[in-house]
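Participant:
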Amino acid sequence: MSGVQPEKSRGRRGKAVCALLLATSVLALLRPAPLLAQETELRGEVSESAILSDQQRKARNLVLAEQAAAAAQDNAPARTYLPASAGAVPDDTEAADPTTSVFDPPQASDDTSADTPTPPKPRRTSTARQSAADKAKDKAADKSKKKKSKTAATDPTTTATTDDTDDTVADQEAANRRALTVDSVDKQKLDAGAEHTAAIEGQNKKPEDDPFAATGVKWGSFVIRPTIEQGLTATTNGDSSSAGTSALLSETALRFTAASDWRENSATIDGYGTFRETVSGYPVHDAQGRIEGQLNVDLDNELRAIAKLGYEAVPESASSPDAIAGVDKQPLRQTIDGSLGVEKAVGKMQYTLTGAVSHDFYGDAELSDGTSLSQKDQDNTLYTATLRTGYEISPALTPFTEIEVGRRVYDQRIDNEGFERSSTRLGARAGLQLDMGEKLSGEFSAGWLREAVDDKSLEAISGATVNADLKWSPERGTTIGLTGKTTVETTTTAGESGDILYSGRLTGERLIRANLTANAALGLDWRDYVGIDGHDRILSAEAGLTWWLNRYAGLTSRARTEKLTSNLPGRDYTANSIYLGVKVQR
1123 MSGVQPEKSR
1133 GRRGKAVCAL
1143 LLATSVLALL
1153 RPAPLLAQET
1163 ELRGEVSESA
1173 ILSDQQRKAR
1183 NLVLAEQAAA
1193 AAQDNAPART
1203 YLPASAGAVP
1213 DDTEAADPTT
1223 SVFDPPQASD
1233 DTSADTPTPP
1243 KPRRTSTARQ
1253 SAADKAKDKA
1263 ADKSKKKKSK
1273 TAATDPTTTA
1283 TTDDTDDTVA
1293 DQEAANRRAL
1303 TVDSVDKQKL
1313 DAGAEHTAAI
1323 EGQNKKPEDD
1333 PFAATGVKWG
1343 SFVIRPTIEQ
1353 GLTATTNGDS
1363 SSAGTSALLS
1373 ETALRFTAAS
1383 DWRENSATID
1393 GYGTFRETVS
1403 GYPVHDAQGR
1413 IEGQLNVDLD
1423 NELRAIAKLG
1433 YEAVPESASS
1443 PDAIAGVDKQ
1453 PLRQTIDGSL
1463 GVEKAVGKMQ
1473 YTLTGAVSHD
1483 FYGDAELSDG
1493 TSLSQKDQDN
1503 TLYTATLRTG
1513 YEISPALTPF
1523 TEIEVGRRVY
1533 DQRIDNEGFE
1543 RSSTRLGARA
1553 GLQLDMGEKL
1563 SGEFSAGWLR
1573 EAVDDKSLEA
1583 ISGATVNADL
1593 KWSPERGTTI
1603 GLTGKTTVET
1613 TTTAGESGDI
1623 LYSGRLTGER
1633 LIRANLTANA
1643 ALGLDWRDYV
1653 GIDGHDRILS
1663 AEAGLTWWLN
1673 RYAGLTSRAR
1683 TEKLTSNLPG
1693 RDYTANSIYL
1703 GVKVQR
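Note that the numbering used here has the sequence shown beginning at 1123, numbered continuously upward.
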């Protein structure tokens, strides 16, 4: 029994120790019971989820505050150290509750304004530069204190947490405004007159190269530039013939150009018309004109097509070899011509194949006795095909060769004199194409041309050919041009085949002032008759001035002299003239 009692006594002592430890643990756990009880009576029980939610909000707001402080520090200029403001110390609400400790757990609240706790404020360091975060906290504390003094009576549950959060957002907006202000200042430094761009835009506008050039009229997809010129011509030879005498003529000239504004392809239309009527002196009544259109189209496989179509109406010149003597009015010669060419570039090689058709038909000549003389036997059509091959040495120089074949067909196979005037054409030439921009551009060529008449009794028309179309600008405002052309002129005169006419023009234009332009021209024509020993030489010179009153109207004048010398009888003449007129353009 004695052995059993000690064992029971040890069991009782063990239970007593366990009971003591349990009581001690309960007392330790119940130590904050008065505070919890007080809180339970005021706000209710604190749940574990509420504690976790408050801790998460606290961590989130701490991150937001750090980001706002970093942004403010990056954008704000450095400031000198300022003493801590009154908001750096705990406010009245925290000091009034001595039971509150920084070590106490967060408390739940039914007031939504207190759901976002204020993150702990960092201690200030005695450095020369205060961090932007401290500045933001100081400003938040000042605003919080002012706000509490106004709302303490109506909302005693409001804490510094809400004020600090609102002020943090305000500080972030202020930092953004400062950043925008700095950017605006930088932009103004780079572009000092940016805000006045609209006001001074006209002052910086680049002046026009030609302020008196025609502006043109928009019509569909074309820009048309018309010109009308009206004036008087005093001449010593009204119709430039051996029988011509002095006259005062009224001259009217109409000209226009039209160019498309298409994105890829292009089209142009050019035309002119002149009308001359006698005011006093030698009787002159004539009119002439021409219109021509060109279309450029880019095809596939680096092919380019060029199409042309034109119409011309010109009275037979009194100095022409086919002029009819003793008539009141020379016959009107009308021409319809067209061509179609295709260009192809293969490496540095360039190929162009062009087909052309030209039809001439003549009106009747009006004789002095009132009758008319038909000229139908002169109507003919010329068909030609030309192949050009060029090699591009450089973008500025391209030598080329051309081969031309053609056939001239008369509407009347046998003319009124009993001759078969149809003929076959064959020609070859070589030349150089230049493209040096505004300085020098164009081409020139030389070769040989032969046109054999079907009638064996008539000699073939053959001879050297020279063609040129060059423009040279030695300096700005000055343009010098050189043109040359070789033309085969047919005839229905008995026993004659025709002639070859060589025409050359040297022109110059100088812009003396923006509204004053001077121009000059020198001309030389040489006509070589086939079948007879005859030739004509025509020399001409011209000089003129155009003074623009404004962009749309100006005064123009020119003086001209022309002299024909021939070894054939009855063909020499001299004509001098002066013109003064008004030019209007749009």
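Note that CB positions come from ideal geometry on N, CA and C, so glycine has one too. All of these numbers come straight from a predicted model, not from anything done at the bench.
Below 8 Å, can you find three or more Cβ-Cβ pairs linking the region 1644-1654 to the region 1587-1606?
Facilitator: no
Participant: Cα separation between T1396 and T1374?
Facilitator: Taking the sequence shown and counting its residues from 1, the one referred to as residue 1396 is at position 274. Taking the sequence shown and counting its residues from 1, the one referred to as residue 1374 is at position 252. When rounded, the distance between both Cα atoms is 6 Å.
Participant: Along the beta strand (DSSP E) that carries S1343, what are the first and last residues, could you check?
Facilitator: The residue given as residue 1343 occupies position 221 in the sequence shown. Taken as a continuous stretch (DSSP letters only), S1343 belongs to no beta strand (DSSP E), as it is neither H nor E.
Participant: I'd like to know whether the C-beta atoms of E1514 and K1451 end up nearer to each other than 7 Å.
Facilitator: As a position in the sequence shown, residue 1514 is number 392, starting the count at 1. As a position in the sequence shown, residue 1451 is number 329, starting the count at 1. No, they are not a contact pair.
Participant: Does DSSP put K1430 in a helix, a strand or coil?
Facilitator: Counted from its first residue, the sequence shown places residue 1430 at position 308. In this structure, K1430 counts as strand in the three-state DSSP scheme.
Participant: Whose CA, out of R1535, L1623, T1668, Y1532, lies closest to the CA of I1634?
Facilitator: Position 512 of the sequence shown, counting from 1, holds the residue named residue 1634. Among R1535, L1623, T1668, Y1532, the Cα nearest to that of I1634 is on T1668.
Participant: Measuring only the C-alpha atoms, how far is S1382 from S1461?
Facilitator: What you label residue 1382 is simply residue 260 of the sequence shown in a count that begins at 1. What you label residue 1461 is simply residue 339 of the sequence shown in a count that begins at 1. Taking the straight line from one Cα to the other gives about 20 Å.
Participant: When the distance is taken between beta carbons, is E1526 closer than 7 Å to T1546?
Facilitator: The sequence position of residue 1546 within the sequence shown is 424, counting from 1. The sequence position of residue 1526 within the sequence shown is 404, counting from 1. No.
Participant: Could you compute how far the alpha carbon of P1241 sits from the alpha carbon of E1188?
Facilitator: Mapped onto the sequence shown, residue 1241 falls at position 119. Mapped onto the sequence shown, residue 1188 falls at position 66. Residue placement at P1241 is poorly supported in this model, since its pLDDT is 46, which falls under 50; the coordinates still yield a value, given next. Rounded to the nearest whole angstrom, the CA to CA distance from P1241 to E1188 is 10 Å.
Participant: By Cβ distance, which residues of its chain are closer than 6 Å to D1444, with the 5 residues on each side in sequence left out?
Facilitator: For this step, residue 1444 is matched to residue 322 along the sequence shown. Hits under 6 Å: T1613.
Participant: Alpha carbon to alpha carbon, how far is S1490 from I1660? Give it in angstroms, no decimals.
Facilitator: Along the sequence shown, one-based indexing puts residue 1660 at 538. Along the sequence shown, one-based indexing puts residue 1490 at 368. One C-alpha to the other measures close to 28 Å.
Participant: What does the Cβ neighbour count give for S1688, buried or exposed, with the cut at 16 atoms within 10 Å?
Facilitator: Mapped onto the sequence shown, residue 1688 falls at position 566. Buried is the call here.
Participant: Under 7 Å, do T1358 and L1371 count as touching if we go by C-beta distance?
Facilitator: If you number the sequence shown from 1, residue 1358 lands on position 236. If you number the sequence shown from 1, residue 1371 lands on position 249. Contact flag unset, no.
Participant: How long is the line joining the alpha carbons of D1237 and R1182, rounded to whole angstroms?
Facilitator: As a position in the sequence shown, residue 1237 is number 115, starting the count at 1. As a position in the sequence shown, residue 1182 is number 60, starting the count at 1. No answer about D1237 holds up, because its pLDDT of 43 lies below 50 and its placement is not dependable.
Participant: Answer yes or no: do T1719 and Q1416 have a C-beta to C-beta separation smaller than 7 Å?
Facilitator: Only positions 1123 to 1708 of the chain appear in the structure, and residue 1719 is not among them; the question remains open.
Participant: Could you give the distance in angstroms between the alpha-carbon of I1622 and the alpha-carbon of I1654?
Facilitator: Counting from one through the sequence shown, the residue named residue 1622 turns up at place 500. Counting from one through the sequence shown, the residue named residue 1654 turns up at place 532. Taking the straight line joining both Cα atoms gives about 12 Å.
Participant: Only counting the same chain, and skipping five residues up and downstream in sequence, which positions put a Cβ closer than 6 Å to that of T1629?
Facilitator: Walking along the sequence shown from the start, residue 1629 turns up at place 507. Closer than 6 Å at Cβ, skipping near neighbours: G1603, A1643.
Participant: Spatial neighbours of K1705 within its chain, please: CB distance less than 6 Å, with the 5 preceding and 5 following residues excluded, ordered by chain position.
Facilitator: As a position in the sequence shown, residue 1705 is number 583, starting the count at 1. If you ignore the 5 residues before and after K1705, its C-beta comes within less than 6 Å of the C-beta of E1351, G1676, T1678, all in its own chain and listed in chain order.
Participant: Three-state secondary structure (DSSP) at S1465?
Facilitator: Within the sequence shown, numbered from 1, the residue matching residue 1465 stands at position 343. It should be noted that the sequence gives Glu, not Ser, for residue 1465. In this structure, E1465 counts as strand in the three-state DSSP scheme.
Participant: Classify D1408 as helix, strand or coil using the three-state DSSP reduction.
Facilitator: To locate residue 1408, count along the sequence shown from 1; it is residue 286. Strand at D1408.
Participant: From S1699, D1422, A1435, pick the residue whose C-alpha is nearest to that of Q1456; which is it?
Facilitator: The residue labelled residue 1456 in the question sits at position 334 within the sequence shown. When only C-alpha atoms are compared, the closest one is A1435.
Participant: If we ignore side chains and look at the alpha-carbon of each, how far apart do Q1707 and E1542 end up?
Facilitator: Looking up residue 1707 in the sequence shown gives position 585. Looking up residue 1542 in the sequence shown gives position 420. The alpha-carbon atoms of Q1707 and E1542 are separated by roughly 49 Å.
Participant: By the three-class DSSP mapping on this structure, what secondary structure does K1498 have?
Facilitator: Taking the sequence shown and counting its residues from 1, the one referred to as residue 1498 is at position 376. Of the three classes helix, strand and coil, the one that applies to K1498 here is helix, per DSSP.
Participant: Distance check for Y1433 and R1412, CA to CA, integer angstroms please.
Facilitator: Your numbering for residue 1412 matches position 290 in the sequence shown. Your numbering for residue 1433 matches position 311 in the sequence shown. Using only the alpha carbons, I get a separation of about 6 Å.
Participant: In three-state terms, what does DSSP make of T1273?
Facilitator: Counted from its first residue, the sequence shown places residue 1273 at position 151. Unreliable placement is indicated for T1273, whose pLDDT of 44 sits below 50; no coordinate value is reported for it.
Participant: Under three-state DSSP, which class holds L1475?
Facilitator: Residue mapping note: residue 1475 aligns to position 353 of the sequence shown, counting from 1. Here L1475 sits in strand by DSSP.
Participant: In the DSSP output, what is L1647 paired with across the bridge?
Facilitator: Position 525 of the sequence shown, counted from the start, is the residue given in the question as residue 1647. The amino acid at residue 1647 is misidentified as Leu; the sequence shows Asp. DSSP output for D1647 lists S1625, I1660 as bridge partner(s).
Participant: Once you ignore the five residues that flank H1481 on each side, which residues in its own chain have a CB closer than 6 Å to its CB?
Facilitator: Within the sequence shown, residue 1481 is the residue found at index 359, counting from 1. Counting only Cβ-Cβ distances below 6 Å, and skipping sequence neighbours, we find I1458, T1503.
Participant: Roughly how many angstroms separate the alpha carbons of G1477 and S1516, rounded to a whole number?
Facilitator: As a first step, residue 1477 is located in the sequence shown; it is residue number 355 there, counting from the start. As a first step, residue 1516 is located in the sequence shown; it is residue number 394 there, counting from the start. Those two C-alpha atoms are separated by around 28 Å.
Participant: Whole angstroms is fine: what's the gap from V1066's alpha carbon to E1664's?
Facilitator: Nothing about residue 1066 can be read from this structure; the chain reaches only from 1123 to 1708.
Participant: How many Å lie between P1348 and G1703 at the Cα?
Facilitator: As a position in the sequence shown, residue 1348 is number 226, starting the count at 1. As a position in the sequence shown, residue 1703 is number 581, starting the count at 1. Roughly 17 Å between the two C-alpha positions.
Participant: Please classify E1188: does DSSP put it in a helix, a strand, or coil?
Facilitator: Counted from its first residue, the sequence shown places residue 1188 at position 66. Looking at E1188 - three-state DSSP - the assignment turns out to be helix.
Participant: Would you call G1559 buried or exposed, if buried means 16 or more other Cβ atoms sit within 10 Å of its Cβ?
Facilitator: Within the sequence shown, residue 1559 is the residue found at index 437, counting from 1. That one is exposed.
Participant: Mapping the DSSP letters down to three states, classify N1423 as helix, strand or coil.
Facilitator: For this step, residue 1423 is matched to residue 301 along the sequence shown. N1423: coil per DSSP, three-state reduction.
Participant: How would you call V1339, buried or exposed, if buried means at least 16 neighbouring beta carbons within 10 angstroms?
Facilitator: One-based indexing of the sequence shown puts residue 1339 at position 217. With fewer than 16 Cβ atoms within 10 Å of its Cβ, V1339 is classed as exposed.
Participant: Note down, in chain order, each residue of its chain lying with its Cβ closer than 7 Å to the Cβ of S1364, except the 5 sequence neighbours on either side.
Facilitator: Here residue 1364 refers to the residue found at position 242 of the sequence shown. So the qualifying residues of the chain are G1692, R1693, D1694, Y1695.
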